[in-house]
Amino acid sequence: MENSLNGGFQLLVDGNYKDSTGATLKIDATRLVSYRVEDETILEANNAGLLSPKASGTTKVFVKHDNGTEQEVTVSVIAPTGTTPVFTNLQVLPAARTLRFVDPVAKADQLQQVVVYGTDSAGVVHDLTRSLAIKLQDDQGNVTSGGSVDANGLFRGVVNGKIWVVSRITSAGLVAGAEFVLGTGVATPVDP
45 MENSLNGGFQ
55 LLVDGNYKDS
65 TGATLKIDAT
75 RLVSYRVEDE
85 TILEANNAGL
95 LSPKASGTTK
105 VFVKHDNGTE
115 QEVTVSVIAP
125 TGTTPVFTNL
135 QVLPAARTLR
145 FVDPVAKADQ
155 LQQVVVYGTD
165 SAGVVHDLTR
175 SLAIKLQDDQ
185 GNVTSGGSVD
195 ANGLFRGVVN
205 GKIWVVSRIT
215 SAGLVAGAEF
225 VLGTGVATPV
235 DP
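So the mapping is simple: my numbering equals the position in the sequence shown, first residue as 1, plus 44.
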């Protein structure tokens, strides 16, 4: 993690749950867990999983759910180099996700944290979530209103259908996307 492009690095936390058939499915747990940083002189974590660097060094971040499940992540903070990175890879995460709880009839939406990571030519991963535009498209590449995404990368699905979450670094010729299936995954035609 390098603190040269923005003020933080977004963690994405997945949780597992069982549906009514007993199948294990993934759900965004980024805002359902607590965060504890081993060395708060290096970085701090807020309740939305945003890591804010304070100084160079390495520390651990402990992510804990109320059910007792805990994971740890080792984070290294590198001082800014003062040079503009040359990006060689772009990634939108999660790469694919089904938001089964979206139900437009019941007016039920579902949230999903989206992160955009860019890797530079030195192999350093940068969080670009708050630096690049995140666009929502349908299967034909048209802008869609089936969901929304805020400046922090928090996606809100509101209709049945499929949506592509897309980001790009035009100057580097990089485009990355993720497919989200909302509710039933089948869009209902709008009454003309």
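The C-beta atom is built at its ideal place from N, Cα and C for all residues, glycine as well. These figures come from a predicted structure and were not determined experimentally.
| message | For Ser165, which residues in the same chain have their Cβ closer than 6 Å to its Cβ, ignoring the five residues on either side in sequence? | response | Here the question's residue 165 lines up with position 121 in the sequence shown. Answer for Ser165: Val130 and Thr132, listed in chain order.
| Alpha-carbon spacing of Asn111 relative to Gly217, whole angstroms | Sequence index remark: in the sequence shown, residue 111 carries index 67 (1-based). Sequence index remark: in the sequence shown, residue 217 carries index 173 (1-based). Between the C-alpha atoms of Asn111 and Gly217 there is a straight-line separation of about 43 Å.
| said: Rounded to whole angstroms, what is the Cα-Cα separation between Ala150 and Thr85? | reply: Mapped onto the sequence shown, residue 150 falls at position 106. Mapped onto the sequence shown, residue 85 falls at position 41. Their Cα atoms are separated by approximately 46 Å.
| request: Tell me, to the nearest whole angstrom, how far the beta carbon of Gln181 is from that of Leu56; I am working on the premise that it is less than 8 Å. | output: In the sequence shown, counting from the first residue as 1, residue 181 sits at position 137. In the sequence shown, counting from the first residue as 1, residue 56 sits at position 12. Gln181 to Leu56, Cβ: 21 Å. No contact.
| said: For Thr173 and His109, I'd like the C-alpha separation in whole angstroms. | reply: In the sequence shown, residue 173 corresponds to position 129, counting from 1. In the sequence shown, residue 109 corresponds to position 65, counting from 1. Going by C-alpha positions, Thr173 is about 24 Å away from His109.
| field | Proximity of Lys206 and Val225 at Cβ, strictly below 8 Å | value | For the purposes of this step, residue 206 is identified with residue 162 of the sequence shown, where counting begins at 1. For the purposes of this step, residue 225 is identified with residue 181 of the sequence shown, where counting begins at 1. Val225 sits close to Lys206, with the two beta carbons spaced by under 8 Å.
| task | State the DSSP-derived secondary structure class of Ala220, mapped to helix, strand or coil. | result | Here residue 220 refers to the residue found at position 176 of the sequence shown. In the three-state reduction of the DSSP assignment, Ala220 falls in the strand class.
| What are the start and end residues of the beta strand (DSSP E) that includes Leu134? | For the purposes of this step, residue 134 is taken as the residue at position 90 of the sequence shown. Start and end: Phe131 to Leu137.
| 8 Å CB neighbourhood of Pro148 in its chain, flanking five on each side removed | Residue 148 sits at position 104 when you count from the first residue of the sequence shown. Within the same chain, Cβ atoms closer than 8 Å to the Cβ of Pro148 are found at Val202, Val203, Asn204, Gly227 and Thr232, the five residues on either side in sequence being excluded.
| request: Output yes or no for whether 8 Å exceeds the beta carbon distance between Leu176 and Ser211. | output: Counting from one through the sequence shown, the residue named residue 176 turns up at place 132. Counting from one through the sequence shown, the residue named residue 211 turns up at place 167. Yes, these two residues count as a Cβ contact at 8 Å.
| Straight-line Cα distance separating Ala152 from Asp230 | The sequence position of residue 230 within the sequence shown is 186, counting from 1. The sequence position of residue 152 within the sequence shown is 108, counting from 1. The sequence shown places Val at residue 230, rather than the Asp named in the question. Those two C-alpha atoms are separated by around 16 Å.
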